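Numbering (the numbering used here), first residue to last: -9 to 130.
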């Protein structure tokens, strides 16, 4: 004896289950897609900040007579180049960068720290992308 085989009773108990499953899965799928979108936007900005820090530190390592203070013309040239790169990589206006040069007997290098705020598009939160790049200074 077959129970519930092709009977109207079996069909009646299964009607609407697909709609219930869809209603349970839609919020999960939407959350997953929003998360993927936000993560990809954050990673894009992280890569832009990393490129800015790398290229800025590379440029700073090739400038002769580089000094730490922002009053020197060489430091201003480096910061102007960093500002150009910031516009080129479409980073926010509030992106900050700090350039320091260590002049030790063994450690003669340039350190560039870049921080860029990231406001998520669909999520009500924000974060900051921080990148530090240290390059060997080519002039002694």
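Just so it is clear, CB atoms sit at the ideal spot from N, CA and C, and this is done for glycine as well.
Note that this is a predicted model, so its numbers are computed, not measured.
Among the options, which one has its Cα closest to the Cα of residue i?
i           : options            : result
residue 45  : 115, 100 and 118   : 100
residue 119 : 106, 84 and 112    : 106
residue 122 : 22, 76 and 39      : 39
residue 35  : 98, 70, 77 and 127 : 77
Roughly how many angstroms lie between the CA atoms of residue i and residue j, to the nearest whole one?
i           : j           : result
residue 89  : residue 102 : 5 angstroms
residue 53  : residue 125 : 12 angstroms
residue 48  : residue 117 : 27 angstroms
residue 24  : residue 18  : 10 angstroms
residue 127 : residue 12  : 60 angstroms
residue 8   : residue 16  : 12 angstroms
residue 26  : residue 20  : 10 angstroms
residue 70  : residue 87  : 11 angstroms
residue 66  : residue 74  : 12 angstroms
residue 37  : residue 98  : 27 angstroms
Where does residue i land, buried or exposed, given buried means 16+ other C-beta within 10 angstroms?
i          : result
residue 51 : buried
Count the C-beta pairs between the stretch 30 to 42 and the stretch 107 to 118 that are closer than 8 angstroms, then say yes if the count reaches three, no if not. Because the criterion of three Cβ pairs below 8 angstroms is met, the stretch 30 to 42 and the stretch 107 to 118 touch.
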